[in-house]
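Reading the sequence shown from the start, the letters are residues 1378 to 1622 in our numbering.
We put the CB at the ideal spot given by N, CA and C, even for glycine.
Please read the structure below before turning to the comments.
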Amino acid sequence: MLPLNKVMKKTIIILHGWGLCGLKYKGLSDLFKKEGYEVYAPDMPGFGSEPLCKQSNQGTNLTLSDYVDFLDKFIRVKKIQKPILLGHSFGGRVAIKYAYEHPEKILSLILTGVPVIRERSFKKKIAFLAAVTGGKVFSFFPENVRMKFRKGLYFLIGEWDYYNSGKLKNVFKNIISEDLIQYLKEIKNPIVLIWGSEDRLTPAFGVPKIKKIVPQSKSVIIKGIGHKLPYEDPLIFVKTIKPLL
């Protein structure tokens, strides 16, 4: 157990999801602060106020390692000791690889809506191909129709982040190309998994599979809530996770 400590504050670093920024999690940050934590929610490169190319000479070809390096520098500059990394979706990818590379620098992980287990049926693979190439295949349709078609397909197959990537599409491809399972297998830090039962982007059926990979993890699935759990229902998030910290 990691009890709350009002005297000697523990620190939480919230790592945001793709296409979002730290400010999106202000409600969650404020609630954790009320519980006695020191909280940071930095914008990662390419999001919010953080320039895309500031952290890498590769520009739009940033990799997951570039985001890990960004986080490591952030922790050093802020002189943060043994933080808890709270990673939502894409932010969870960064948290996992950071914990793999720097286990001695963190206390534990909180993962929510992280696409660790990515299983696609044959139908979904076809739908993904159609979504990616839809602009050519359906070029004879008006632009607004093509966009609605692709938008619907990406949401259907759980690749909403890809649809929202815009100029960061190459970065997103680099990010999802890395197998998180190989990193999780090596992590010994405590891990808490907190998921929404209605998460359609990273379905909760993957949670038991993650627990098999990391036996030391604890998990909870909150009924009736989806992928946006940490910033749409921060009060439920904090109340649920407190006993697990």
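Element boundaries [beta strand (DSSP E), containing residue i]
i	result
residue 1464	1461-1465
residue 1558	That residue, residue 1558, is in no beta strand (DSSP E); its alpha helix (DSSP H) goes 1557-1561.
residue 1568	1568-1573
residue 1417	1415-1417
residue 1596	1595-1599
residue 1488	1485-1489
residue 1390	1388-1392
Start and end residues, alpha helix (DSSP H) containing residue i
i	result
residue 1406	1403-1411
residue 1618	1611-1618
residue 1439	Taken as a continuous stretch (DSSP letters only), residue 1439 belongs to no alpha helix (DSSP H), as it is neither H nor E.
Proximal residues to residue i (C-beta, below 7 Å), its chain only, five neighbours per side dropped
i	result
residue 1583	1493 and 1494
residue 1610	1602
residue 1560	1473, 1474 and 1477
residue 1425	1398, 1399 and 1400
residue 1575	1601, 1602 and 1603
residue 1410	1416
residue 1607	1402, 1405, 1465, 1489 and 1614
residue 1617	1571, 1597 and 1599
residue 1408	1611, 1612 and 1615
residue 1558	1493 and 1590
Buried versus exposed, by CB contacts within 10 Å (16 or more), residue i
i	result
residue 1479	exposed
residue 1612	exposed
residue 1548	buried
residue 1391	buried
residue 1470	buried
residue 1531	Confidence at residue 1531 is low in this model, with a pLDDT of 49, below 50, so the placement of that residue should be treated as unreliable; the coordinate-derived value is given next. Its Cβ being crowded by 16 or more others within 10 Å, residue 1531 is buried.
Cβ-Cβ separation, residue j to residue i (assumed contact under 8 Å), whole Å
i	j	result
residue 1421	residue 1444	6 Å
residue 1635	residue 1394	This structure does not reach residue 1635, given that the chain is present from 1378 up to 1622, and the question cannot be answered.
residue 1572	residue 1552	About 20 Å separates the two Cβ atoms, so there is no contact after all.
residue 1545	residue 1468	That belief does not hold up - the Cβ atoms of residue 1545 and residue 1468 are roughly 15 Å apart, past 8 Å.
Residue from the options with nearest C-alpha to residue i
i	options	result
residue 1565	1574, 1550 and 1590	1590
residue 1460	1389, 1490, 1407 and 1441	1389
residue 1554	1442, 1408 and 1572	1442
residue 1596	1468, 1489 and 1546	1489
residue 1593	1622, 1581 and 1453	1622
residue 1440	1556, 1482 and 1586	1556
residue 1562	1581, 1587, 1396 and 1550	1587
residue 1386	1396, 1408, 1407 and 1414	1414
residue 1577	1558, 1585, 1550 and 1605	1605
residue 1550	1396, 1407, 1438 and 1585	1438
Beta-carbon contacts of residue i that lie in its chain and below 6 Å, excluding the five residues immediately before and after
i	result
residue 1419	1399 and 1451
residue 1487	1463 and 1569
residue 1485	1461, 1566 and 1567
residue 1579	1490 and 1492
residue 1457	1388
Own chain, CB closer than 8 Å to residue i, minus 5 neighbours either side, in chain order
i	result
residue 1483	1459, 1460, 1461, 1462, 1475, 1476 and 1566
residue 1455	1417
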